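Asks: Chains as they are written, first to last, in numbering that gives the first Met the number 0: chain A, 0 to 236; chain B, 0 to 236.
Protein chains: 2
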Amino acid sequence: MRYELYYWPSIQGRGEFVRLALEEAGADYLDVARLPKQGVPALMQFLGGKSQGRIPFAPPFLKAGKLVIAQTANILLWLAPRHGLVPKSEAARLWAHQLQLTIADWLVEAHDAHHPIGGAFYYEDQKPESKRRAAHFTAERMPKFLGYFERVLARERSGWLLGGTFSYPDLSLSQMIAGLRYAFPRAMERLEPKYPRSIALHERVTARSRIAAYLASKRRIPFNQQGIFRHYPELDV
Amino acid sequence: MRYELYYWPSIQGRGEFVRLALEEAGADYLDVARLPKQGVPALMQFLGGKSQGRIPFAPPFLKAGKLVIAQTANILLWLAPRHGLVPKSEAARLWAHQLQLTIADWLVEAHDAHHPIGGAFYYEDQKPESKRRAAHFTAERMPKFLGYFERVLARERSGWLLGGTFSYPDLSLSQMIAGLRYAFPRAMERLEPKYPRSIALHERVTARSRIAAYLASKRRIPFNQQGIFRHYPELDV
Chain A
0 MRYELYYWPS IQGRGEFVRL ALEEAGADYL DVARLPKQGV PALMQFLGGK
50 SQGRIPFAPP FLKAGKLVIA QTANILLWLA PRHGLVPKSE AARLWAHQLQ
100 LTIADWLVEA HDAHHPIGGA FYYEDQKPES KRRAAHFTAE RMPKFLGYFE
150 RVLARERSGW LLGGTFSYPD LSLSQMIAGL RYAFPRAMER LEPKYPRSIA
200 LHERVTARSR IAAYLASKRR IPFNQQGIFR HYPELDV
Chain B
0 MRYELYYWPS IQGRGEFVRL ALEEAGADYL DVARLPKQGV PALMQFLGGK
50 SQGRIPFAPP FLKAGKLVIA QTANILLWLA PRHGLVPKSE AARLWAHQLQ
100 LTIADWLVEA HDAHHPIGGA FYYEDQKPES KRRAAHFTAE RMPKFLGYFE
150 RVLARERSGW LLGGTFSYPD LSLSQMIAGL RYAFPRAMER LEPKYPRSIA
200 LHERVTARSR IAAYLASKRR IPFNQQGIFR HYPELDV
């Protein structure tokens with residue numbers, strides 16, 4: 000089946016967690032809003048909701064035959080077992096989803112570090128507030144989340160979050176580390192020595208053949224100042 | 000099976016979405032941290048993570064036999080099909096979960112209206128920032144989310160989100176409306192006439208016999224100023 004992914008064409012954002020899973024799976028997919036003839040209007044048409052019954056609130060969403068699935072973690076919940084990206088047992092799938100939802104929470108906080116007042120205002124209109132929130136994020140929240148995943152990894156000899164086998168939350172944790180390195184290089188330089196298992200996981204994920212090929216390709220959108228992870232030096236002190 | 004719910008004992012918070020599902024199901028459950036002999040230490044012991052392999056990042060979590068499931072939406076994903084709170088088809092379950100995750104996103108924004116800089120600071124230490132964020136939340140975000148759910152309801156003659164049958168996202172949307180009425184009574188008074196289907200759903204949910212009995216019981220913790228929904232008149236203008 001050829002999947003259709005709908006997400007903003009110029010940022011990694013939430014869509015990147017789905018792109019990474021599709022790439023690791025070697026799945027056949029179109030990144031619809033990045034196609035010259037389709038673009039953002041194709042995405043907006045779906046959100047307009049005249050064409051189908053189950054309207055997404057926001058991108059990303061994945062079209063798979065008649066199914067249209069939104070919410071990043073929900074897409075991965077559906078996609079992963081179809082491509083061997085999660086073990087088959089119900090307990091393992093719930094645990095993988097739980098980890099993914101925890102990463103989703105972390106991602107919101109990474110975004111809100113530069114947009115604490117709301118996405119409708121420019122960063123420039125919320126700089127003092129961002130400074131306070133980013134200071135708290137780098138000093139307290141990043142260590143809390145990194146420490147959590149490090150503890151999870153410490154229970155598993157395999158070096159993967161689920162133990163024994165690689166799974167999609169490994170891709171997502173690796174993406175978080177890449178994003179935090181882009182946004183907060185100084186904070187990460189200070190923190191990384193404390194979380195060697197998470198950093199090792201990131202290295203192993205990015206060395207996987209399909210992921211390495213993807214990251215080196217034009218399909219990978221570079222980090223930039225419109226995405227969820229943004230580098231403002233004044234927020235990384 | 001007797002479930003064990005672990006959540007903070009003095010607030011509704013995220014745990015309330017699970018409590019409502021357990022109550023509607025007539026399930027046998029213990030609200031462990033509210034038991035006199037167990038309390039918060041029983042909850043903290045789990046987070047300490049010495050007793051089991053799959054550590055939750057935060058409450059709520061549900062113990063069901065050997066399973067320990069965290070993340071509110073993940074708990075409901077697992078619980079609902081076991082108690083007839085969601086239709087059986089995969090497409091319906093994904094759609095219900097997608098709606099629940101959208102409510103979870105909304106809930107974070109309701110919280111951040113009074114804590115835009117972070118949960119580690121008192122509200123009193125982020126009042127000017129809260130004023131800006133709450134103004135944006137009530138003027139833009141509440142209508143956006145309410146409008147989304149109203150559109151979903153407009154596609155279904157049944158008055159329930161999934162169409163045809165009552166399901167757990169109906170409980171969650173009802174709880175959002177109750178919480179927003181507590182936190183932002185003036186904003187809600189202004190907005191409610193625009194979203195009659197959502198308000199009617201709330202009335203129908205709270206009139207269901209088990210839910211009505213629960214809401215009238217001592218098991219229902221009243222809204223208060225420590226929870227996710229808080230009423231600060233200066234944020235509701």
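Even for Gly, the Cβ is constructed at its ideal location relative to N, Cα and C. This one's a predicted model, so the numbers in the text were calculated from it and none came from an experiment.
(1) Drop a sphere of 10 angstroms on the beta-carbon of residue 84(A), count the other beta-carbons inside from all chains shown, and report buried for 16 or more, exposed for fewer.
(2) Check whether the segment 165 to 183 of chain B and the segment 102 to 112 of chain B are in contact - that is, three or more C-beta pairs closer than 8 Å.
(3) How would you list, in chain order, the residues of chain B whose beta-carbon sits under 7 Å from the beta-carbon of residue 211(A)?
(4) Checking the sheet assignment: what are the DSSP bridge partners for residue 30(A)?
(5) Report buried or exposed for residue 199(B), applying the criterion of at least 16 other Cβ atoms within 10 angstroms of its Cβ.
(6) Keeping to the same chain, check which residues put their C-beta closer than 7 Å to that of residue 234(A); ignore five residues upstream and five downstream.
(7) Confirm, please, whether the CB-CB distance from residue 148(B) to residue 237(A) is below 8 Å.
(8) Hey, is the segment 134 to 146 of chain A in contact with the segment 204 to 216 of chain A, meaning 3+ C-beta pairs nearer than 8 Å?
(9) What are the boundary residues of the alpha helix (DSSP H) that includes residue 102(A)?
(10) Report the residue from 110(A), 43(A), 5(A), 181(A) whose alpha carbon sits nearest the alpha carbon of residue 62(A).
(11) Grab the span of the beta strand (DSSP E) containing residue 240(B) for me, first residue to last.
(12) Look at the alpha carbon of residue 153(B) and the alpha carbon of residue 163(B), and state the distance between them as a whole number of angstroms.
(13) For residue 101(A), which residues in chain B fall below 9 Å Cβ to Cβ?
(14) Show which residues of chain B have a CB atom less than 7 Å away from the CB atom of residue 85(A).
(15) Helix, strand or coil, according to DSSP, for residue 119(B) in the structure here?
(16) Residues of chain B with CB under 7 Å from residue 236(A), in chain order?
(17) Start and end of the alpha helix (DSSP H) containing residue 170(B)?
(18) Anything in chain B within Cβ reach of residue 44(A), meaning under 8 Å, just list it in chain order.
(19) Judging by CA-CA distance, which residue of 227(B), 72(B), 108(B) is the nearest neighbour of residue 92(B)?
(20) Can you look up residue 61(B) in the DSSP assignment and give me helix, strand or coil?
(21) Tell me whether the beta-carbon of residue 227(A) lies closer than 8 Å to the beta-carbon of residue 96(A).
(22) Please identify the residue among 217(B), 182(B), 213(B) whose C-alpha is closest to the C-alpha of residue 236(B).
(23) Using DSSP with H/G/I as helix, E/B as strand and the rest coil, what is residue 215(B)?
(24) Should residue 135(B) be flagged as near chain A, meaning a C-beta pair shorter than 8 Å?
(25) For chain B, find out if any of its Cβ atoms is closer than 8 Å to the Cβ of residue 131(A); answer yes or no.
(26) What whole-angstrom Cβ distance do residue 10(A) and residue 225(A) have, given they're in contact under 8 Å?
(27) Are the Cβ atoms of residue 32(B) and residue 42(B) separated by less than 8 Å?
(28) Let me confirm a value: residue 215(A) is counted as buried when at least 16 other C-beta atoms fall within 10 Å, else exposed. Which label applies?
(29) Relative to the C-alpha of residue 80(B), which candidate in 21(B), 122(B), 107(B), 121(B) has its C-alpha closest?
Replies: Taking the definition as stated:
(1) As a position in the first sequence, residue 84(A) is number 85, starting the count at 1. Buried, by the Cβ-count rule.
(2) yes
(3) Counting from 1 along the first sequence, the entry for residue 211(A) is found at position 212. Within chain B, no residue comes near residue 211(A); the closest Cβ sits about 30 Å away, beyond 7 Å.
(4) Numbered from its first residue, the first sequence carries residue 30(A) at position 31. According to DSSP, residue 30(A) bridges with 4(A).
(5) Taking the second sequence and counting its residues from 1, one reaches residue 199(B) at position 200. So residue 199(B) ends up on the exposed side.
(6) Numbered from its first residue, the first sequence carries residue 234(A) at position 235. Same-chain partners within the cutoff: 112, 113, 129, 130, 133.
(7) Here chain A has residues from 0 to 236 only, and residue 237(A) is not among them.
(8) no
(9) Within the first sequence, residue 102(A) is the residue found at index 103, counting from 1. Taken as a continuous stretch (DSSP letters only), the alpha helix (DSSP H) holding residue 102(A) covers 89 to 111.
(10) For the purposes of this step, residue 62(A) is taken as the residue at position 63 of the first sequence. Here the closest residue by C-alpha is 5(A).
(11) The structure shown does not extend to residue 240(B), since chain B spans only 0 to 236, so no value can be given for it.
(12) Residue mapping note: residue 153(B) aligns to position 154 of the second sequence, counting from 1. Residue mapping note: residue 163(B) aligns to position 164 of the second sequence, counting from 1. In a straight line, the C-alpha of residue 153(B) is about 13 Å away from that of residue 163(B).
(13) Walking along the first sequence from the start, residue 101(A) turns up at place 102. Near residue 101(A) (Cβ distances below 9 Å), the residues of chain B are 55, 56, 57, 69, 70.
(14) The count along the first sequence starts at 1 and reaches residue 85(A) at position 86. Under the 7 Å cutoff, chain B gives no residues; its nearest Cβ is about 14 Å from residue 85(A).
(15) Indexing the second sequence from 1 puts residue 119(B) at position 120. Coil, per DSSP.
(16) Locating residue 236(A) in the first sequence gives position 237, counting from the first residue. Per Cβ cutoff of 7 Å: no residues; residue 236(A) is ~16 Å from chain B at best.
(17) Within the second sequence, the letter at position 171 stands for residue 170(B). Per DSSP, residue 170(B) belongs to the alpha helix (DSSP H) from 167 to 182.
(18) For this step, residue 44(A) is matched to residue 45 along the first sequence. What residue 44(A) touches in chain B: nothing, since even the nearest Cβ is about 15 Å away.
(19) Mapped onto the second sequence, residue 92(B) falls at position 93. It is 72(B).
(20) Taking the first residue of the second sequence as 1, we reach residue 61(B) at position 62. Three-state result, residue 61(B): strand.
(21) Taking the first residue of the first sequence as position 1, residue 227(A) is located at position 228. Taking the first residue of the first sequence as position 1, residue 96(A) is located at position 97. Not a contact, by the Cβ cut-off of 8 Å.
(22) To locate residue 236(B), count along the second sequence from 1; it is residue 237. Nearest option by C-alpha distance: 182(B).
(23) Against the second sequence, residue 215(B) aligns to sequence position 216. Residue 215(B): coil per DSSP, three-state reduction.
(24) Taking the first residue of the second sequence as 1, we reach residue 135(B) at position 136. Answer yes: the Cβ-Cβ gap between residue 135(B) and chain A drops below 8 Å somewhere.
(25) Start at 1 with the first residue of the first sequence, and residue 131(A) comes out as number 132. Judged by the 8 Å Cβ criterion, residue 131(A) is in contact with chain B.
(26) Taking the first sequence and counting its residues from 1, one reaches residue 10(A) at position 11. Taking the first sequence and counting its residues from 1, one reaches residue 225(A) at position 226. That belief holds up - the Cβ atoms of residue 10(A) and residue 225(A) are roughly 5 Å apart, short of 8 Å.
(27) Against the second sequence, residue 32(B) aligns to sequence position 33. Against the second sequence, residue 42(B) aligns to sequence position 43. Yes. Within cutoff.
(28) Here residue 215(A) corresponds to residue number 216 of the first sequence, with the count starting at 1. Exposed, since its Cβ has fewer than 16 Cβ neighbours within 10 Å.
(29) In the second sequence, residue 80(B) corresponds to position 81, counting from 1. Minimum Cα distance to residue 80(B) is reached at 21(B).
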